[in-house]
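With the sequence shown counted from 1, adding 1031 to any position gets you our numbering. Each residue gets a CB set at the ideal place from its N, CA and C atoms; glycine is no exception. Since the structure is predicted, the reported quantities are computational estimates derived from the model, not experimental observations.
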Amino acid sequence: MAETYRWTRTFSEGGTFSDDLGSLGIWVGPKAGTARRTQGQKEDYVLRRLLIAWKRRGSLRLPLTVHASDQAAPDFLLQDAGGCRGLEVTEAGAEAHQRRMTGMAREERETWLVSEDGWTPSHIVQQLRAAIRSKVKALDAGKYSRPCELAVYNNTEDALDDETVKCVKEPGLLGRFEAVHLVDCDGNRVYADVLGDVPERIDISADYDVDLARWTLDQIDFMRRGKLDRLDVDNLIEELDALGRRDRRELRSRLIDLFAHVLKWQFQPQRRSGSWVSTIENSCDEVAGLVEDSPSLRRLLHPSGDLVGKAFVSARSRAIRETGLSPESFPDACPWDEELERACEERGEADPLHELRQR
1032 MAETYRWTRT FSEGGTFSDD LGSLGIWVGP KAGTARRTQG QKEDYVLRRL
1082 LIAWKRRGSL RLPLTVHASD QAAPDFLLQD AGGCRGLEVT EAGAEAHQRR
1132 MTGMAREERE TWLVSEDGWT PSHIVQQLRA AIRSKVKALD AGKYSRPCEL
1182 AVYNNTEDAL DDETVKCVKE PGLLGRFEAV HLVDCDGNRV YADVLGDVPE
1232 RIDISADYDV DLARWTLDQI DFMRRGKLDR LDVDNLIEEL DALGRRDRRE
1282 LRSRLIDLFA HVLKWQFQPQ RRSGSWVSTI ENSCDEVAGL VEDSPSLRRL
1332 LHPSGDLVGK AFVSARSRAI RETGLSPESF PDACPWDEEL ERACEERGEA
1382 DPLHELRQR
């Protein structure tokens, strides 16, 4: 078993699975160029989709700790309540096809399949078998400690279908790896235990951790049709919570802009202009728009509140940088309270927070 790791990650429970997964394996680099994909990126890409598929079919045992091997084999070590097992990752695809794909990417040309490619379903099966056979040979030679599973990324000329997958099984491949799984070329389908009695196709194309936009449309459709049992409750809760936090972050960002403009207006009177007035008014309108859409945000506009205080500190730092004035020129805390409001009225100026609270 490997002793050094590229990374280690623990998946605690279903409710935190997406957070624990994060951006792991969400992307791989291009086939050519300075940002060319690494072997580790490809392995993480396959692992991400396999974990999502296992969770979707209910076979992911949590908590689960995953170690990504640095140099030793297999590529991953998975440890759960059932013990520790290895996971080796490989890809299937003829070398000539891979060279052609890499050349196309290097020249930034579209890849087209032509009749000379020699593609047939049996050709795809042969490539998948060859990839599995190579790893079975390594397993028999003692390269991987058992128990160990194998994940094969389909990098052949075409996507998989159920009939093709059924043909992959052959006697010489059986009884070595605990299970062999296929991850299709677009990353949207996983075939679990393809050498077992009944390979299982798991469609993850609309999963929250694969395609957020499609997942959202599916959740809306389930709710409209009353299919509440199909809702992804854990991730819906997470998204709704994030929505509330997003509005708070947006309000804070808009207040920072507004306060910075007002500070510069107040402490650089020689630079006042009509366009600056418009800028301040636009900032007020943007904050007011947020509050109109979410009226509960209005309570956060009190001068002594935490959000206003933090926004003012950030705006003060920005004003110091942009004006070149000394820090002593600006108040340490948000000055827009009732006393300032009266002072502003006497000078014919507006207290920005008061105006916003009245909208």
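A Cβ-Cβ separation of about 5 Å places D1215 in contact with L1191 under the 8 Å criterion.
For G1114, the enclosing beta strand (DSSP E) starts and ends at 1114-1123.
Short of 6 Å from the beta carbon of V1196, and not among the five residues preceding or following it, lie these beta carbons of its own chain, in chain order: Y1222, V1225, P1230.
Around the Cβ of N1313, a 10 Å sphere holds fewer than 16 other Cβ atoms; the residue is exposed. With a cutoff of 7 Å on beta-carbon distance, S1049 and D1240 are scored as near each other.
DSSP places D1238 outside both helix and strand once states are collapsed to three, so it counts as coil. For F1298, the enclosing alpha helix (DSSP H) covers residues 1264-1298. Taking Q1102 as reference, the option from Y1175, S1284, D1111 with the minimal CA-CA separation is Y1175. If you compare the alpha carbons of A1182, N1185, P1105, R1276 with that of G1173, the shortest gap goes to P1105. Its chain contains Q1250 as the residues whose beta carbon lies nearer than 7 Å to that of L1267, once the 5 sequence neighbours on both sides are disregarded; these appear in chain order. Contact check for W1038 against A1099 passes: the beta carbons are separated by less than 7 Å. For V1344, there is no enclosing beta strand (DSSP E); the enclosing alpha helix (DSSP H) covers residues 1337-1354. The count of Cβ pairs closer than 8 Å, one atom from the stretch 1060-1079 and one from the stretch 1041-1048, stays below three, leaving the stretches out of contact. Of D1111, L1093, P1362, S1335, the smallest CA-CA separation from A1346 is found for P1362. Judged by beta-carbon spacing, K1295 lies within the 7 Å limit of A1350, meaning their Cβ atoms are closer than that value. Within the same chain, Cβ atoms closer than 7 Å to the Cβ of D1217 are found at A1190, the five residues on either side in sequence being excluded. Here Q1110 carries a strand assignment [DSSP, helix/strand/coil].
A direct Cα-Cα distance of roughly 12 Å separates K1200 from A1161. In this model, V1059 and W1367 are separated by some 50 Å (Cα to Cα).
Listed in chain order, the beta strand (DSSP E) elements of length 3 or more contained wholly in the stretch 1149-1230 are 1179-1185, 1211-1214, 1220-1223. By the C-beta density criterion, V1308 is exposed, having fewer than 16 other C-beta atoms within 10 angstroms. Distance between S1090 and G1053, taken at the CA atoms: about 20 Å.
Between D1228 and the set P1202, L1248, F1253, the nearest pair of CA atoms involves P1202. Beta-bridge partners assigned by DSSP to H1333: none are found. For A1104, the secondary structure class from DSSP, reduced to helix, strand or coil, is coil. Sequence-distant partners of C1179 (beyond 5 residues in either direction) whose C-beta falls short of 8 Å from its own C-beta, in its chain, are P1105, R1116, G1117, L1118, E1119, L1170, F1208, E1209. Per DSSP, the beta bridge partners of Y1036 are S1100. Around the beta carbon of V1264, fewer than 16 other beta carbons sit within 10 angstroms, so the residue counts as exposed.
If you draw a straight line from the Cα of L1082 to the Cα of G1071, it is about 16 Å long. Non-local beta-carbon contacts of W1085 in its own chain, meaning distances under 6 Å to residues more than five positions away in sequence, involve L1091 in chain order. Between D1234 and R1220, the C-beta gap is smaller than 7 Å, which places the two residues in contact.
Across the structure, I1155 and E1188 are spaced so that their CA atoms are roughly 7 Å apart. Contact check for Y1076 against G1056 passes: the beta carbons are separated by less than 7 Å.
DSSP places W1085 in the uninterrupted alpha helix (DSSP H) bounded by 1070-1088. Around the C-beta of L1109, 16 or more other C-beta atoms lie within 10 Å, and the residue is accordingly described as buried. With a beta-carbon spacing of about 6 Å, K1166 and T1121 fall inside the 8 Å limit used to define contacts.
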